[in-house]
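Have a look at the structure below before the remarks.
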Amino acid sequence: MSTDVENRGDGYDYSVMCRNCDKETPDPAPCQLTGTLPEWLKGQLLCNGPGLTKVGEQEYNHAFDSAALLQRFEISDGKVMYNNRYVRSKTFEQNQAAGAITKAEFGTPGPSTKGVFSRLLEAMDPEKMFSDNALVTVADFGGRYFAMCETPFLLEINPATLEVKDRVNLNKKYGLMTQTPHPILTSDGVYTVGQGVGVTGPKYCIVKFPPDGNLKQGKVMTSVPARWKMSPAYMHSMTLTDNYMVLIEQPLAVSLSELLSDIVTNAPFISGLKWHNEPVLIHVIDKKTWKLVKTRYVTEPFFFMHVANAYEDGEHIVLDIPTYKDSTLLHHLYIKTLREQRGNNTEEFLSSFRSTLHRLVVPLNAKGKETLITLQGTSCTAAWSGQEVTLKSEKLCEVPFENPCINPKYCGSKYNFLWAMGPDPEGSDKGFVMKVNLSSGETHKFTEDKLYCSSPQFVARPGAVDEDDGVILFLGTDSQDEKAAFLVVLDAATMTELARASVVTSAPVPLPLHALYIPASTQ
Numbered sequence: 072m073s074t075d076v077e078n079r080g081d082g083y084d085y086s087v088m089c090r091n092c093d094k095e096t097p098d099p100a101p102c103q104l105t106g107t108l109p110e111w112l113k114g115q116l117l118c119n120g121p122g123l124t125k126v127g128e129q130e131y132n133h134a135f136d137s138a139a140l141l142q143r144f145e146i147s148d149g150k151v152m153y154n155n156r157y158v159r160s161k162t163f164e165q166n167q168a169a170g171a172i173t174k175a176e177f178g179t180p181g182p183s184t185k186g187v188f189s190r191l192l193e194a195m196d197p198e199k200m201f202s203d204n205a206l207v208t209v210a211d212f213g214g215r216y217f218a219m220c221e222t223p224f225l226l227e228i229n230p231a232t233l234e235v236k237d238r239v240n241l242n243k244k245y246g247l248m249t250q251t252p253h254p255i256l257t258s259d260g261v262y263t264v265g266q267g268v269g270v271t272g273p274k275y276c277i278v279k280f281p282p283d284g285n286l287k288q289g290k291v292m293t294s295v296p297a298r299w300k301m302s303p304a305y306m307h308s309m310t311l312t313d314n315y316m317v318l319i320e321q322p323l324a325v326s327l328s329e330l331l332s333d334i335v336t337n338a339p340f341i342s343g344l345k346w347h348n349e350p351v352l353i354h355v356i357d358k359k360t361w362k363l364v365k366t367r368y369v370t371e372p373f374f375f376m377h378v379a380n381a382y383e384d385g386e387h388i389v390l391d392i393p394t395y396k397d398s399t400l401l402h403h404l405y406i407k408t409l410r411e412q413r414g415n416n417t418e419e420f421l422s423s424f425r426s427t428l429h430r431l432v433v434p435l436n437a438k439g440k441e442t443l444i445t446l447q448g449t450s451c452t453a454a455w456s457g458q459e460v461t462l463k464s465e466k467l468c469e470v471p472f473e474n475p476c477i478n479p480k481y482c483g484s485k486y487n488f489l490w491a492m493g494p495d496p497e498g499s500d501k502g503f504v505m506k507v508n509l510s511s512g513e514t515h516k517f518t519e520d521k522l523y524c525s526s527p528q529f530v531a532r533p534g535a536v537d538e539d540d541g542v543i544l545f546l547g548t549d550s551q552d553e554k555a556a557f558l559v560v561l562d563a564a565t566m567t568e569l570a571r572a573s574v575v576t577s578a579p580v581p582l583p584l585h586a587l588y589i590p591a592s593t594q
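What the sequence shown shows, in my numbering, is residues 72 to 594, in sequence order.
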């Protein structure tokens, strides 16, 4: 074990996400199983996240820059196998051929050997300007699976081999400069949102693809102008209900003027992000007409990455969102910072990663009404303020967390439970996965010393009636043994451990960002 691991403090080690996995495990390796797997659990857990932090002698600056690594656990006939593989994007192949970083990433500038004129020319073409390093998610497009990031590229993955099958550039057909890495699969298609540019400036374009995931047959359903003409908001995710789509325009935005300056000075993309200390603006779009509802909704400023769920209840839309006071955490995710803080985290550093689960209630058909929220059992408020409705949220949970998941059957519908993960809130050397009862606020936490937990996935038991009848799957890493990986299986109702599959690999195992469970029947 390396000296820096032995000498670190006893606190949570955020640098587990930027471990340098310098050797793949492409061939499935058998895992040692403890406990008992449910007989019905057959499929695979695909995880995506940072993997290779170095190219030749160069190292990336930010955790969101490292070359993408897919990690896979396959569950079949009571056995579990593990393998991993780098996502062979065009950027990855170019970097490997050059033995150096050839393209700018989120926190790492491009090669300094390129002149200003050359960089400006490349900025006119997203294919040349943006990296296609798809390290954020694996998304299901109706049985086709794509590794995704926030640039307009999707890399189709073969789930069995983790090889790249196809590469799609959404800018060419749909004019998108960015995309959410969290598209939403519904019975009538796949929805995504990305930033485009219109005659009046930046806009948010909602694109719908057919249920079979044919990306050539998508359609731009509508677009919403950005409120800041030179600063479209950072939009990592969106949400929808049966009848509405909701876009949350938060204060963190991409300053186009700063971005131009960054191109000239060869600064990374993170330098172009600007915090507008203004209210969050919530856009509600009627899916029947694909037009904005006439009411303008605002709430106090916050930063967010993910929406737990949204649903309609009478003449209201309920939004549940883990929020942060600002976007400081993005600037704390530099690899150097994470390693310097390793196990000795300051309170200012820890607090930037603490979210609060807030609920907002958006009143529909609000015009002409004095009492806007008639929903029972909530302390959320809404009131007219001039020509807009100001929303006040309520706190649903005292424990900070991220990457919430729910029973997929309840996506866009009224629900009672969510599951999520996080580092120990007090900074101790352990992570957790937690179940939250949204009606009572009661929480059940699974935690273990030195076990760090990745994004959980809920898998319902076949024939289940109860919302929490199923299992929670997550990939775990060991803070002391960098080459150990675990598939942990929990009873979703009680949060007790049912089984664990363990493997020791030939290289460090980083903690992934997101995961997707693919049942064997759909592979």
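Cβ coordinates follow ideal geometry from the N, Cα and C atoms, glycine included.
Treat the numbers as computed from the prediction; the structure is a model and nothing was measured.
For the pair Ser526 and Ala586, the CB atoms are nearer than the 8 Å cut-off.
For His402, the uninterrupted alpha helix (DSSP H) segment begins and ends at 399-402. Relative to the Cα of Ala453, the nearest Cα in the group Ser499, Val369, Ser258, Lys485 belongs to Val369. Fully contained in the segment 202-283 are the following alpha helix (DSSP H) runs of length 4 or more, in chain order: 241-245.
Inclusion of Cys524 and Val504 in the CB contact set at 8 Å is warranted, their separation being smaller than that value. Where Thr452 is concerned, the enclosing beta strand (DSSP E) starts and stops at 452-456.
Taking 8 Å as the cut-off, the Cβ atoms of Val580 and Arg90 count as close. Among the bridge pairs identified by DSSP, Ala169 is matched with none. For Thr408, the three-state secondary structure derived from DSSP is helix. Distance from the CA of Thr576 to the CA of Ala556, rounded to the nearest whole angstrom, comes to 8 Å. The Cβ atoms of His354 and Ala324 lie no closer than 8 Å to each other. Rounded to the nearest whole angstrom, the C-alpha separation of Glu568 and Gly82 is 24 Å. Taking 8 Å as the upper bound for CB-CB distance, Gly343 and Gly284 are not in contact here, some 32 Å apart.
With 16 or more neighbouring CB atoms inside 10 Å of its own CB, Pro273 falls in the buried class. A check of alpha carbon separations from Asp540 across Asn487, Glu519, Val559, Leu584 identifies Asn487 as the nearest. When DSSP states are grouped into helix, strand and coil, Phe529 belongs to the strand group. When the alpha-carbon of Lys236 is set against those of Asn204, Lys244, Ala218, the nearest one is in Ala218. Rounded to the nearest angstrom, the Cβ distance from Phe373 to Lys345 is 16 Å, too far for a contact under 8 Å. Cα atoms of Lys554 and Lys466: separation of roughly 38 Å, rounded to the nearest angstrom. Using a Cβ distance threshold of 8 Å, Leu141 and Leu123 do not count as a contacting pair. By the criterion of at least three beta-carbon pairs nearer than 8 Å, the segment 229-244 is not in contact with the segment 302-321. The segment 381-389 and the segment 468-480 do not touch, with fewer than 3 CB-CB distances between them shorter than 8 Å. Annotation: Gly106 to Lys150 spans about 12 Å, alpha carbon to alpha carbon.
If you look at Phe420, you'll find it in the alpha helix (DSSP H) that goes 418-422.
The shortest C-alpha to C-alpha distance from Asp148 to any of Pro180, Glu110, Phe280, Asn132 is the one to Glu110.
At least 8 Å separates the beta-carbon of Thr399 from that of Ser426.
DSSP lists Gly82 as the bridge partner or partners of Ser499. Taken in chain order, the whole beta strand (DSSP E) runs of length 3 or more contained in the segment 98-160 are 103-106, 114-123, 138-147, 150-157. Straight through space, the alpha carbons of Pro281 and Ala297 are spaced by roughly 26 Å. Residue burial is scored here from C-beta neighbours: Val530 has at least 16 other C-beta atoms within 10 angstroms and is therefore classed as buried.
The residue among Gln412, Gln528, Pro197 with its C-alpha nearest the C-alpha of Gln250 is Pro197. As the crow flies, the alpha-carbon of Val560 is around 8 Å from that of Leu108. Lys199: member of the alpha helix (DSSP H) spanning 197-200, first to last residue. Pairing Pro97 with Arg156 gives a Cβ-Cβ distance under 8 Å.
Gln115 and Leu435 have their alpha carbons spaced roughly 41 Å apart. If the five residues before and after Thr518 are omitted, its C-beta is found closer than 6 Å to the C-beta atoms of Lys501, Phe503, all from its own chain and listed in chain order.
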